[in-house]
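Below: the structure, in structure tokens.
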Amino acid sequence: MSAVLTEINERIGFITLNRPEKRNALSPEVIAGLHQAFERMNAHEGVKVIVLRSTGKAFCAGADLAYLQQLQDFSYEENLEDSHRLMALFNLIYCLPKVVIAQIQGHALAGGCGLATVCDFAFSVPDALFGYTEVRIGFVPALVSVFLQEQIGAAKTQELLLSGEFISATKAAELGLITGVEPEEFLQKSVHEFAAKLTTQNSTFSMGKTKMLLRELNQENRNKSLELAAQMNAAARSHEDCKKGIAAFLNKTTPDW
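Note that our numbering gives residue 328 to position 48 of the sequence shown, counting from 1, and the numbers run on in steps of one.
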């Protein structure tokens, strides 16, 4: 079974993370699959709006830590190349001309919270938790910091990234991290109705041009910041704190900071 599924229905393109046994963690295969899926949906003339969703209990638990542990033995150049792949995925979703809606049925943590951040709209169930938890394992939430600061401002970004705290869906909505909170039994229906409204009431041309205008306003600074973030991401993977944190997570122990 593929880790990323796609389908099209009534001009809505659905991209589904399908790795529930791993809480839809971002492995290299998942990142590549998502990148290809978004490119295909963007090129498809029959798709006007894209919905990103997941199977299982978690929306996305972030990076596949078993793979991240392997990367600690990679060279800086190999880690930088890997970091560029995640950067390219986030930037693709963020700058895609078509509107992207996240349907969040469970926890969105670390890189998974990053996925929600780069979507244009995000709707969540009340019980979902959000958080950029990288500092808890000695890592640096570098790539997402660029998009998050642009979306909700420097002060709130600093609060979330430095604390590494979990926040509720209600708090995430208050901060502007997500668009709204829907009861679990109505989430799918509410997202579909919202996506359908965009497809029937709004001009494809106008939505695309409006989104591109918003993204181009800070494009030069964003691109420079993303490259700096990718370099910091790659360098952080070989730091002793990161090695200790990931080992502790995998062994289900608490690191001694």
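Heads up, the beta-carbon is just placed ideally off N, CA and C, and yes, glycines get one too.
Bear in mind that the values here come from a model prediction, so they are computed numbers and not experimental data.
Under the three-pair Cβ rule at 8 angstroms, the segment 441 to 448 does not count as touching the segment 363 to 372. Annotation for Ser470: the continuous alpha helix (DSSP H) segment containing it runs 467 to 481. Shown here, Gln352 sits in coil according to DSSP, grouped into three states, outside any helix or strand.
Counted as a single uninterrupted DSSP element, the stretch harbouring Arg320 is not any beta strand (DSSP E) but the alpha helix (DSSP H) occupying residues 308 to 323. If you look at Arg333, you'll find it in the beta strand (DSSP E) that goes 329 to 334. Looking from the CA of Leu494, the closest CA among Phe427, Thr437, Cys393, Ile417 belongs to Phe427. In this chain, the beta strand (DSSP E) harbouring Thr296 covers 292 to 297. Distance from the CA of Ile458 to the CA of Ile417, rounded to the nearest whole angstrom, comes to 25 angstroms.
The three-state secondary structure of Gly444, taken from DSSP, is coil. Taking 8 angstroms as the cut-off, the beta carbon of Lys477 is found no closer than this to the beta carbon of Asp400.
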